[in-house]
Amino acid sequence: MRVVIVTESFPPDVNGVAHCALQTARHLVERGHSPVVVAPAPAPGTRPDAPAPCPVVHVPSLPLPGYPQVRVALPSRRLAATLAEHRADVVHLASPFVLGVRGMAAAARLGIPAVAVYQTDLAGYARTYMGAGEAAAWRRIRSVHGAADLTLAPSGAALRDLRTHGVPRVALWPRGVDTERFRPDRRDEVLRRELAPNGELIVGYVGRLAPEKRVELLAGACGLDGVRVVIVGEGPSRPSLEQALPGAVFLGRRTGDDLARIFASLDLFVHTGPFETFCQTVQEAMASALPVVAPAAGGPLDLVAHGHTGLLVPPHDATAVRDAVRALAAGPALRAAFGAAGRATVEGRTWAAVGDQLIGHYAAVLAGRRTVAA
Numbered sequence: 027m028r029v030v031i032v033t034e035s036f037p038p039d040v041n042g043v044a045h046c047a048l049q050t051a052r053h054l055v056e057r058g059h060s061p062v063v064v065a066p067a068p069a070p071g072t073r074p075d076a077p078a079p080c081p082v083v084h085v086p087s088l089p090l091p092g093y094p095q096v097r098v099a100l101p102s103r104r105l106a107a108t109l110a111e112h113r114a115d116v117v118h119l120a121s122p123f124v125l126g127v128r129g130m131a132a133a134a135r136l137g138i139p140a141v142a143v144y145q146t147d148l149a150g151y152a153r154t155y156m157g158a159g160e161a162a163a164w165r166r167i168r169s170v171h172g173a174a175d176l177t178l179a180p181s182g183a184a185l186r187d188l189r190t191h192g193v194p195r196v197a198l199w200p201r202g203v204d205t206e207r208f209r210p211d212r213r214d215e216v217l218r219r220e221l222a223p224n225g226e227l228i229v230g231y232v233g234r235l236a237p238e239k240r241v242e243l244l245a246g247a248c249g250l251d252g253v254r255v256v257i258v259g260e261g262p263s264r265p266s267l268e269q270a271l272p273g274a275v276f277l278g279r280r281t282g283d284d285l286a287r288i289f290a291s292l293d294l295f296v297h298t299g300p301f302e303t304f305c306q307t308v309q310e311a312m313a314s315a316l317p318v319v320a321p322a323a324g325g326p327l328d329l330v331a332h333g334h335t336g337l338l339v340p341p342h343d344a345t346a347v348r349d350a351v352r353a354l355a356a357g358p359a360l361r362a363a364f365g366a367a368g369r370a371t372v373e374g375r376t377w378a379a380v381g382d383q384l385i386g387h388y389a390a391v392l393a394g395r396r397t398v399a400a
């Protein structure tokens, strides 16, 4: 199968869209298929940590004003030319918004089936950044995804949202996790002593540092005796978060085995963002045998079994986050039980397994097109 993956983000970017697009390309190659990636050109001077598994076509891009870590694709003939030259059987649109919309239009002109992967809660972002605009965001989502042969939602919550707002032809496609990389035996006692020299309980957050992630909700946890908060990631909110989270350790951007070592060296993982369509870092924490605290909203509802693998708290509630951290800090046996249950829960959620599900979705779309043509 010849697949063109049109993605709004790709390594060296570090985010869920980039990571999922990379894993998709890698799995397609491993299964004998022929993918090509089309993505915005990265910032000058930046390079991915490892070579891409397939050819990557970069289109010109500019940094998003106020958020330079995000690159926005400019109009380019390279996209349509790639679809034609690769003789694509299917176009995979990863979180289509700008480049993906152009990919959808090009696929329609060429008569190529399109599978759109919903990954970004644009409505939630509209509320966060503009204080309004949720209805307009859903109109945009309906317009974009309504043109696809199939839209894939990463979680039950996302699936319900899409259907509630009138998006047709929606199916569930979750995300995998690398259980070989993220595992508890990577725990590093030397690193733990560096992060918590007085033997504090280490509470970690991993992700982008941006307003919609609500990382400031960890302020109460920073004030707990015997707790050290560790923040992994970069983004425009870092300066304000360094002021809002006194005593927290900021480690910046980490990837690969280094990130896995940090995960395994934590005692507890907290995710604070209420707008996650999936939440990959929760799965990575669970694979590392960590108990998880997360908001009872969006993707974490599928991932965290309250009282079994972690604790779900009301979204936007700093007091609830603090109290959950305090409860788990006081219960080492409970932390161990949650962590073990979390690891057991994700052991079958490999990228190979979910990648095969994706190929099945492609095949179903192609079969549907052939039926219509007949």
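Add 26 to a position in the sequence shown, counting from 1, and you land on the number used in my numbering.
Cβ coordinates follow ideal geometry from the N, Cα and C atoms, glycine included.
Treat the numbers as computed from the prediction; the structure is a model and nothing was measured.
Residues near residue i in its chain [Cβ-Cβ closer than 7 Å; skip 5 each side]
| i | result |
| --- | --- |
| LEU136 | LEU109 and ALA110 |
| TRP164 | ALA149 and HIS191 |
| VAL82 | PHE36, VAL63 and ALA65 |
| GLU373 | THR205 |
6 Å CB neighbourhood of residue i in its chain, flanking five on each side removed
| i | result |
| --- | --- |
| VAL318 | PHE295, VAL308, ALA311, VAL330 and GLY336 |
| ARG361 | PRO317 and LEU354 |
| GLY233 | LYS239, GLY259 and THR307 |
| ARG348 | GLY246 and ALA247 |
| THR376 | GLY202 |
| HIS118 | VAL29, ILE31 and VAL141 |
| LEU327 | ALA183 |
Inter-residue Cα distance where the pair is residue i and residue j
| i | j | result |
| --- | --- | --- |
| PRO70 | ALA366 | 43 Å |
| TRP388 | GLY357 | It is worth fixing the name first, because residue 388 is Tyr in this sequence and not Trp. Straight-line Cα distance between these residues: approximately 46 Å. |
| PRO321 | ALA134 | 39 Å |
| ASP293 | ARG73 | 32 Å |
| THR397 | ALA132 | 22 Å |
| ALA47 | LEU54 | 11 Å |
| ALA346 | ILE228 | 18 Å |
| SER87 | GLU34 | 10 Å |
| LEU90 | VAL241 | 21 Å |
| ALA44 | GLY273 | 31 Å |
| PHE208 | ASP214 | 13 Å |
| VAL30 | CYS80 | 11 Å |
| PRO340 | ALA350 | 11 Å |
| VAL391 | ARG166 | 23 Å |
| SER169 | LEU221 | 47 Å |
| VAL253 | LEU244 | 11 Å |
| ARG369 | LEU185 | 25 Å |
| VAL216 | GLU56 | 37 Å |
| ALA270 | ASP115 | 50 Å |
| ALA120 | ALA197 | 15 Å |
| GLY381 | ALA162 | 32 Å |
| GLY226 | THR371 | Here residue 226 is Glu; the residue named in the question, Gly, does not match the sequence. Distance between the alpha carbons of GLU226 and THR371 is about 28 Å. |
| TYR93 | ALA359 | 42 Å |
| GLY386 | GLY325 | 22 Å |
| GLY394 | PRO122 | 22 Å |
| ILE257 | GLY159 | 30 Å |
| GLU268 | ARG97 | 25 Å |
| ALA378 | HIS332 | 27 Å |
| GLN95 | LEU338 | 30 Å |
Per-residue burial, residue i [other beta carbons within 10 Å of its own, 16 or more giving buried]
| i | result |
| --- | --- |
| ALA61 | The sequence given here places Pro at residue 61; Ala does not occur at that position. That one is buried. |
| GLN49 | buried |
| ASP147 | buried |
| ALA236 | buried |
| ASN41 | buried |
| ALA313 | buried |
Nearest neighbour of residue i, chosen from the options [CA to CA]
| i | options | result |
| --- | --- | --- |
| PRO456 | GLY159, LEU354 and ARG52 | Beyond the ends of the chain as shown, which are 27 and 400, falls residue 456; an answer cannot be given. |
| ALA107 | VAL64, LEU354 and VAL391 | VAL64 |
| PRO194 | SER181, THR177 and GLY259 | THR177 |
| GLY282 | GLU260, ARG234, GLU206 and VAL339 | GLU206 |
| ALA323 | VAL117, PRO300, GLY58 and SER35 | PRO300 |
| GLY129 | MET27, GLN145, PRO79 and SER102 | SER102 |
| LEU100 | VAL124, HIS112 and VAL116 | VAL124 |
| HIS334 | PHE364, ASN41 and ASP328 | PHE364 |
| TYR231 | VAL275, GLN95, ALA183 and GLY252 | VAL275 |
| PRO66 | PHE36, GLY42, ASP343 and ASP211 | PHE36 |
| ARG279 | HIS59, ASP39 and ALA120 | ASP39 |
| THR303 | TRP199, PRO223, HIS59 and VAL216 | TRP199 |
| ASN224 | HIS342, ARG212 and ASP251 | ASP251 |
| ASP343 | HIS332, GLY325 and HIS297 | HIS297 |
| PRO59 | ALA161, LEU384, PRO94 and LEU338 | Just to set this straight, residue 59 is His in the shown sequence, not Pro. Nearest C-alpha to HIS59: LEU384. |
| PRO180 | ALA379, CYS305 and SER314 | CYS305 |
| ASP407 | HIS332, GLY92 and ALA315 | The question about residue 407 has no answer here: the residues shown for the chain are numbered 27 through 400. |
| ASP75 | VAL255, ASP284, TYR93 and ARG352 | ASP284 |
| ARG218 | GLU268, ALA359, PRO94 and LEU277 | LEU277 |
| GLN145 | LEU188, GLU268, ARG352 and PRO94 | LEU188 |
| HIS112 | GLY249, MET27, GLU268 and HIS332 | MET27 |
| VAL255 | ALA393, LEU338, ARG352 and HIS332 | ARG352 |
Proximity test, Cβ basis, 8 Å: residue i and chain D
| i | result |
| --- | --- |
| ARG207 | Among the chains in the structure shown there is no chain D, since it carries only a single protein chain. |
Residues near residue i by beta carbon distance below 8 Å, same chain, minus five either side
| i | result |
| --- | --- |
| VAL85 | VAL64, ALA65, PRO66, ALA67, ALA99, LEU100, SER102, ARG104, LEU105 and LEU125 |
**Message:** Would the region 131-146 count as touching the region 161-180 if we require 3 or more Cβ pairs under 8 Å?
**Reply:** yes
**Prompt:** For the region 259-266 against the region 284-292, are there 3 or more C-beta pairs whose distance is under 8 Å?
**Reply:** no
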